[in-house]
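A.B. asks: Please see the structure below; I have some questions.
In my numbering, the protein residues as written are -2 to 201.
Rendered as structure tokens:
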């Protein structure tokens, strides 16, 4: 099968979905701006795991079992939570020459190109489902809506005097996030937190 065959056509050809289901999903995708696989999942035509397996076979990429992986702190610090969430890219680990990450959309060339250019490393990409990546980003960046996020550490007032100097405001940049309410809410929750990373100076 050609690498450039559309995933919907590949799913029909391999009897994962019907032509009617593909056409309906494509129509709704144009209206919602969601990823094709996410539309199929929301319609109940396919499971997230099936989408992951289809993309893995189509693009010859390994599947990342996120429940068995612990992202490194070094890798997480290189990518801001806002960028990770808006692109659904989860940093996994970094070496001298490679940056390992999990993605749900192999066609997000813009996002992966940003990583390659900014980090100056070769990307080692694996595939996981959008819901899995969303939850893993929230958990590993300790965001407010994380299902299993670590408890916040609050310093005692007696241990250190509170800092009164406000952090300088940072210029915001537009994020390309799909219109799911939970993702919008999470982006709003982390806006203006001042997380430091290479992306703080990166403009779309």
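A virtual CB, placed ideally from N, CA and C, is assigned to each residue, including glycine.
(1) Just how far apart, CA to CA, sit residue 97 and residue 91?
(2) I need the DSSP call for residue 98, collapsed to helix, strand or coil.
(3) Of all the options 63, 116 and 107, which has the alpha carbon lying nearest to the alpha carbon of residue 94?
(4) Using the Cβ count rule (16 or more neighbours within 10 Å means buried), how would you classify residue 17?
(5) How would you label residue 107, buried or exposed, when you count the other beta carbons within 10 angstroms and need 16 or more for buried?
(6) Under 8 Å by Cβ, that's how I've got residue 124 and residue 86 pegged, so tell me the actual separation to the nearest angstrom.
(7) Apart from the five residues on each side of it in sequence, which residues of its chain come closer than 6 Å, Cβ to Cβ, to residue 81?
(8) Given a cut-off of 8 Å, decide if residue 5 and residue 19 are closer than it, judged by their beta-carbon atoms.
(9) What is the residue span of the alpha helix (DSSP H) that residue 60 lies within?
(10) So for residue 4, helix, strand or coil by DSSP?
C.D. replies: Quick answer:
(1) 6 Å
(2) strand
(3) 116
(4) exposed
(5) exposed
(6) About 12 Å; that fails the 8 Å criterion.
(7) 134
(8) yes
(9) No alpha helix (DSSP H) contains residue 60, which DSSP labels as neither H nor E.
(10) helix
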